[in-house]
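As given, the protein sequences belong to chains A, B and C, one line each in that order.
So for the first sequence, my numbering puts the first residue at 280; every next one is plus one.
So for the second sequence, my numbering puts the first residue at 35; every next one is plus one.
So for the third sequence, my numbering puts the first residue at 7; every next one is plus one.
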Amino acid sequence: MQTIISIKPLLAVLVSLFVIPVLISSSGKPNVRESWIFVSGVIKFLIIFSMLPVILQGNQIVLTLFKISPGADIAFRVDALGMLFALVASSLYIITSIYSIGYMRGLNEHGQTRFVSFFALALTATIGAAFSANLLTLYLFYELLSLSTYPLVVHHQDAKSRASGRRYLTFILGTSIGLVLPAMIYCYHATGTLEFAPGGIFSGQLSKPSATVLLLMFVFGFAKSGIMPFHSWLPAAMVAPTPVSALLHAVAVVKVGVFSIIRVVTGIFGVDFLLSFNLGAWVATIASITIVVSSCIALTQDELKRRLAYSTIGQLSYIVLGVALLTPKGMTGGMLHIAMHAFGKITLFFCAGAIFVATGKKYISQMVGIGKAMPITMAAFFMGSLSIIGLPPTGGFISKWYLVLGTLEGDHMILLFVILTSSLLNAAYFMPIFYKAFFCTKEEAMFGAKIVEAPMMCVVPLVITALISFGLFFLPQPFLDLAGLAAKGFLGG
Amino acid sequence: MTDLLALIVAKYNYWLYVILMMIGLYAMIAKNNLIKKLVGMNIFQTAIILFYISIGYKKNATLPIIENVHGTGGGHIYAIDYINPLPHVLMLTAIVVSVATFGVAMALAVRVYQRYKTLEEDELRMRLSEK
Amino acid sequence: MDNYPVLIVVAPLLAALLAGFAAWIEERLSYPIALLGLAVSTFAAFEVLMQVIFFGPIRYEMAGWPPPMGIEYRIDLLNAMVLLIVSGIAFLNLLASYESVNQEIGDRTGSFYSIYCLFVTGLLGVTATGDLFNLYVLIEITSLTSYAMVAMGDRDRGALASLNYVFIGVIGASFYLLGVGYLYIQTGSLNMTDVAIILQDYHGSSTVLTAFVLCMVGVWIKMAFFPLHAWLPNAYSYSPVVFLRVVAPLMTKVMIYVMIRLMITVFGFNYIFKTLNFADAVVILATVAIIFGGVMALAQKNLKKMLAYIIISEIGYMVGGVWMGNQLGMTGAILHILNDALMTFAVFLGVGNIIYQLKDVDFSNLGGLFGKMPWTMAGFVLAAFSIIGIPPTCGFFSKWYLIMGAFEKGAYHFAIALIISSLICAVLFFRVFEICFFPSSSQDNKQKDVHAPGKIEEAPVSMLIVSGFVSLSLIVVGLFSGTIVNMIILPFLT
């Protein structure tokens, strides 16, 4: 394994930061503005992509920016896990930026420049978090992401979004300042470093009770992961425009939360340390509860985006669960699920948004017969939900397969049972939507002939992501390799 | 008991300044009229000046003006013969400061009076809460 | 040049005199004179800081009288840094103040600039001097000018607020003076280093104890440390905003500096943390101050008042950090002097810009401000993030050291208070942001389309540039806090 010093991670992070002034200055010219977004998204993706071969060979790319104090600098390090996450986020950003053109213009939203600027800032933070070399840098970008998302959540500037914005901040900032910050400073005080190291940074400084408390502070503190009981910001945040819900609240923000938990579990505590105290079980239990409870709640939601949000909460906990298994297959499955779930869930959100743009409908009970009016959208929806449920031929199947293998490997029958139950529940809350959309009598159908598909800019992206979801079943290599490489690294193989 | 009395008598200058200070402090806290408070403030500052003056004093010593330096009897000058001039000099500065403070405070009091036509604190408070 | 240390203080003093005289001839002359004086002072402070960093502490004997007889300016890393902060902020503030002074002070601008320079002179002198009595006189110069300044503010309440400030201020300064008196009784000297050497033999003395307690109480009153804080909110919120922008970041911080100076240079850590045993009690007081300030800030309906209580809370940070008695806490406290000065300055620059346009910062008037003054609000948001303690703004890093210091000492209550205070600040500022982000309800009725972009009514460019510069410096200072700690604070402490 080689360590390469390169400026590329910094460039990848900064591209979407530096494009913000350009966006603001071209606020009067939407077409110019949007092409800048697109160009910056593509450049960002290409920079990240150019690092992929190096990472796949098992190398790392590092860059130290500012020395704060020993062991806690502002520094980047690109490894397999970070690469996996950055690749997902940056590729979906391009697709989402196309989609959001269609969506925002289709609805004639106000404040579009503000919207795209903060969107770019949020992406900066996401990539920054993915490439963080230590907990301090991760925390920095984590907070930046929280704050840059707030204006997006309250975009509509009405009473409802105000209430949601409050809830969003209370949960996200409250937990990160109240739990993560003290835990992080405690770690630094105890060990003198915050670097993510394969075997963790502790060597005998912690007793079992304090290690448990610290771990729980981190797991709950990264509330972006939607771990119960700190999940309720996510359904509330669904008041945001759909591109936000799609990219940020199904991919970037929530996965930064999960990603942070993975980093702490593997890089701060270390697998051996957790195994020796049997602490993985704690995390796995919390994740399992979240999976089952959120799936049950999702069944009761009538607003499509809220149902998707609860589904996301459950799926995120799959990832946490996979990593908490602390076995090679489990970890691979968990990390792979970052990618698989992202493509599946973003498709579903795109569909929800497309339906809203075309018909103005938000509630599932009002969508009877929509399949005939919007066949492409609903076909994509079907593909996306297959991936979330974890059925072939979609990418979701592969990650879930590895998760199941992981539970067997670790001999956790209860967890296996949780995963299988939850898959059934997933099917139970997705299939009726699809069923009612297509299979209804003429009298029941709620949509006349006037309703057609959403604008091109909305439909194309969702078709692309649905196809990728489908394609990942046959060609999961880049993500699977990265996840496998990461798992190997964390397990000290 | 006699010890205590002896202590009080021996260090009477300290007791005096403390008593004066407390009188001033009392006036600043308890009086209702702003001018009375200002007077209290002045007493408070004066107490400290007295304290400084008293610590420079020595028994059987004289003013620190050295006589006969150029004359024949000079030659030996003992510090013990002269009171310590430094605290006194310091207090010249402190007096200037306290006069300045008093001046500023009086000017402010005039401003307050012009605005509210009263210097009684309770009335002022009533006026303010009306607004 | 050898005379830089004294130039730092003399330049604004001369500027104060000249600006006052110039106003008789032509009112407009005062501003450039004051500006020039502070610019020279800032430059000298920068040069001195560089000299101190590379060549070690500077001792400057006033008028050539050797200490302990003469007054000495003794400049080491700590006060070199504070000098630069004071002169730099005073200069930048003046740069941004031309329009607001004309608006707020009206026809008395000449005397305003004169008093302003005198105030800065006082602060710089307090920071530079190595003589205990000289310190008292300079504190009083600072106080006197700030009484006058407060009275220039709010036409209704300014004078009364100022008068109450005088009472408290006099008590504080007098306590300090008394303390110096007792020190003089014990040591016969007023020079700080000289006193420190003599004091080493008198650690058990009750005179020294009395002196120490009196000095501390005096300084605490002046810095508004809980429970001696009651004067601050009124005095600050009724003063003119131009003055507020410099007094709020500097006055309390310079007093913190005085406390550190007395503790380290005069009495010595050994005396305070080994002989005496009330450090824990002070840390508890600081904890209460932090929480109290935050809770009181929550109850305020006016931006200025809210910020005033946040200042009280921040003082708790620094006092607590210093009295932690370990290197980490001390590092945090000293770093926080810099950071807090900068972020308070930045936040009040924002407030100043808002007041310039709105005349008033009651929460009810702030609706839709992000649309109206986007640049001002951007600076304000950065400053607020720093106060909350969000990386990479500088406020985060000082909090980091402070919490580590608390862990090291085992003062978990202080660490928890810091975290809670961050949360409270987050609530406070996001409440303000929310009000500013959403259109106000009165506008709702007037115009149907709430999303229509409001007319941009920004503050003058000079104010915006300064506020932008200071806000960005929060991030720069934050990112280079490692350098600052390694080059200035750690060498000073060891």
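Using N, Cα and C, we set each Cβ at its ideal position, and we do this for glycine too.
Every value quoted in this text rests on a predicted model; they were computed, and no experiment measured them.
The alpha-carbon of C:C221 is positioned some 26 Å away from that of B:I117.
Contact of B:I82 with chain C by beta-carbon distance below 7 Å involves S180, L183 and L184.
Secondary structure at A:T343: strand, using DSSP grouped into helix, strand and coil. For C:I409, the closest Cβ of chain A is nearer than 8 Å. Across the stretch 67-81 of chain B, CB contacts with chain C closer than 8 Å involve L68, K71, M75, F78 and Q79, in sequence order along the chain. Identification of chain C residues near B:I129 by a Cβ-Cβ cut-off of 8 Å yields none; the smallest Cβ-Cβ distance measures about 12 Å. Under the 10 Å beta carbon count, C:M469 is surrounded by 16 or more other beta carbons and is classified as buried. For C:K228, the number of other beta carbons within 10 angstroms of its own is at least 16, and it is reported as buried. Runs of the alpha helix (DSSP H) lying entirely within the stretch 667-724 of chain A, each at least 4 residues long, are 674-689 and 692-717 in chain order.
In the structure shown, A:A603 adopts helical secondary structure according to DSSP, grouped into three states.
Under a criterion of Cβ atoms nearer than 9 Å, no residue of chain C is adjacent to B:L41; the nearest Cβ is some 13 Å distant. The C-beta of A:L485 has 16 or more other C-beta atoms within 10 Å across all chains shown, which makes the residue buried. Around the Cβ of B:V43, a 10 Å sphere holds fewer than 16 other Cβ atoms; the residue is exposed. Secondary structure remark: continuous alpha helix (DSSP H) runs of at least 4 residues inside the stretch 722-757 of chain A, in chain order: 735-753. Per DSSP, the unbroken alpha helix (DSSP H) holding B:A141 starts and ends at P119 to Y150. A:P520 sits away from A:H389, with the two beta carbons spaced by 8 Å or more. Under the Cβ criterion of 8 Å, C:W381 is not counted among the residues facing chain A. Judged by DSSP in its simplified three-state form, A:F410 adopts coil rather than helix or strand. Listed along chain C is no residue with a C-beta nearer than 9 Å to that of B:T152; the closest approach is about 11 Å. Taking C-beta atoms as the reference points, A:Q594 and A:I667 count as a pair closer than 8 Å. Taking A:Y421 as the centre and dropping the five residues before and after it, the same chain places the C-beta of A408, S455, V535 and S539 closer than 7 Å to its C-beta, in chain order.
In the DSSP assignment, C:A236 falls outside any beta strand (DSSP E), carrying neither H nor E. No Cβ of chain B is located within less than 8 Å of the beta carbon of C:V132. For A:F355, the enclosing beta strand (DSSP E) covers residues A351 to V357. Residue range L68 to I89 is occupied by the alpha helix (DSSP H) that includes B:I69.
With fewer than 16 other Cβ atoms inside 10 Å of its own Cβ, A:P488 counts as exposed. Interface flag for B:L162 against chain C is set, since a Cβ pair is found closer than 8 Å. Bridge partners of C:I430 according to DSSP: none are assigned. DSSP places C:R65 in the uninterrupted beta strand (DSSP E) bounded by I64 to E67. When secondary structure is reduced to three states using DSSP, A:S348 falls in the strand class. Between C:S473 and C:L348 a beta carbon distance of about 12 Å is seen, past the 8 Å cut, so the two are scored as non-contacting. Counting only runs of 4+ residues, the alpha helix (DSSP H) found wholly inside the stretch 639-666 of chain A occupies 649-652, in chain order. Closer than 8 Å to the CB of C:A390 there is not a single CB belonging to chain A. When the beta-carbon positions are compared, A:R356 and A:Q339 come within less than 8 Å of each other. Looking at the backbone, the Cα of A:N413 and that of A:G685 are separated by about 27 Å.
Residues of chain B whose Cβ lies closer than 7 Å to the Cβ of C:G187 are, in chain order, F85, Y86 and I89.
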